[in-house]
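If you're matching positions, the sequence shown starts at 0 in numbering that gives the first Met the number 0 and goes up one per residue.
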Amino acid sequence: MTGLKKQSYWRSVYRRYGDAERTGRKFLVAEADGRVVGFVIGEVRDWEFGSPPCGWVFAIDVRPDSRLAGVGARLLEAICTSFQRAGVRKVRTLLARDNTLILSFFRSQGMMAGPFIPLEMDLGT
Ligand SMILES: CC(C)(COP(=O)(O)OP(=O)(O)OC[C@H]1O[C@@H](n2cnc3c(N)ncnc32)[C@H](O)[C@@H]1OP(=O)(O)O)[C@@H](O)C(=O)NCCC(=O)NCCS
Numbered sequence: 000m001t002g003l004k005k006q007s008y009w010r011s012v013y014r015r016y017g018d019a020e021r022t023g024r025k026f027l028v029a030e031a032d033g034r035v036v037g038f039v040i041g042e043v044r045d046w047e048f049g050s051p052p053c054g055w056v057f058a059i060d061v062r063p064d065s066r067l068a069g070v071g072a073r074l075l076e077a078i079c080t081s082f083q084r085a086g087v088r089k090v091r092t093l094l095a096r097d098n099t100l101i102l103s104f105f106r107s108q109g110m111m112a113g114p115f116i117p118l119e120m121d122l123g124t
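Here it is as structure tokens:
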């Protein structure tokens, strides 16, 4: 997406999420004609503010030449099903404010603005 190679980052993501034996963590891929065309990564997370644990979608991506064919929707549905099986009743995610594509996608799947807002500040060097 960004054009930056982040091999060690993705290796560590794979180590953390790719182990199906670890409960609550999911790394699902979509296959078509024997090749991977998309993935979704997520986990069941504890949550504060008196809310119970929820499903968290950490990343979702479909190969550009496989988009607009329902792959993303099926990936999201599959991870939501696994969250439901894990006993949670809510799914959340975070996205860049200017990423209208991913916003359109999540909105089309029924996700809406939630009651929490992200805050940040620079900590200097
Ligand atoms: C967002 C993304 C995962 C969608 O995958 P996809 O397989 O193309 O999505 P689907 O075909 O399942 O589309 C489902 C719905 O999403 C919406 N949608 C998908 N692409 C869209 C687009 N380009 N413009 C507007 N709406 C779009 C539509 O409502 C669509 O339903 P419809 O086809 O009935 O109109 C894919 O475009 C992608 O990988 N984008 C870049 C990755 C990214 O930015 N990830 C976020 C960081 S984690």
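A virtual CB, placed ideally from N, CA and C, is assigned to each residue, including glycine.
None of these values were measured; they are calculated from a predicted model.
In the DSSP assignment, the beta strand (DSSP E) including residue 26 goes from what residue to what residue?
As a position in the sequence shown, residue 26 is number 27, starting the count at 1. Its beta strand (DSSP E) spans residues 24 to 31.
Could you tell me whether the segment 58 to 65 touches the segment 30 to 49, where touching means 3 or more Cβ pairs closer than 8 Å?
yes
Report the start-end ranges of each beta strand (DSSP E) in the segment 42 to 99 that is 3 residues or longer and not cut off at the edges.
53 to 61 and 90 to 92
To the nearest angstrom, how far is the alpha carbon of residue 15 from that of residue 24?
By one-based count along the sequence shown, residue 15 stands at place 16. By one-based count along the sequence shown, residue 24 stands at place 25. Straight-line Cα distance between these residues: approximately 8 Å.
Backbone CA spacing between residue 52 and residue 81 [nearest angstrom]:
Here the question's residue 52 lines up with position 53 in the sequence shown. Here the question's residue 81 lines up with position 82 in the sequence shown. Approximately 14 Å between the Cα atoms of the pair.
Apart from the five residues on each side of it in sequence, which residues of its chain come closer than 8 Å, Cβ to Cβ, to residue 87?
Residue numbering aside, residue 87 sits at position 88 when the sequence shown is read from its first letter. So the list reads 43, 51, 52, 53 and 54, once near-sequence residues are dropped.
Tell me which residues pass a beta-carbon proximity test against ligand 1: closer than 6 Å to any heavy atom, given in chain order.
0, 58, 59, 60, 61, 66, 67, 68, 69, 70, 71, 72, 98, 100, 101, 103, 104 and 107
DSSP state of residue 115 mapped onto helix, strand, coil
Here residue 115 is taken as the residue at index 116 of the sequence shown, counted from 1. Residue state, collapsed to three classes: coil.
Residue of 90, 91, 7 and 107 minimising C-alpha distance to residue 69:
Looking up residue 69 in the sequence shown gives position 70. Of 90, 91, 7 and 107, the residue nearest in Cα terms is 107.
Beta-ladder partner(s) of residue 101, from DSSP
Translated into positions along the sequence shown, residue 101 becomes position 102. Paired residue(s): none; residue 101 is not in a bridge.
Keeping to the same chain, check which residues put their C-beta closer than 6 Å to that of residue 57; ignore five residues upstream and five downstream.
By 1-based counting over the sequence shown, the position of residue 57 is 58. The answer, listed in chain order, is 40 and 41.
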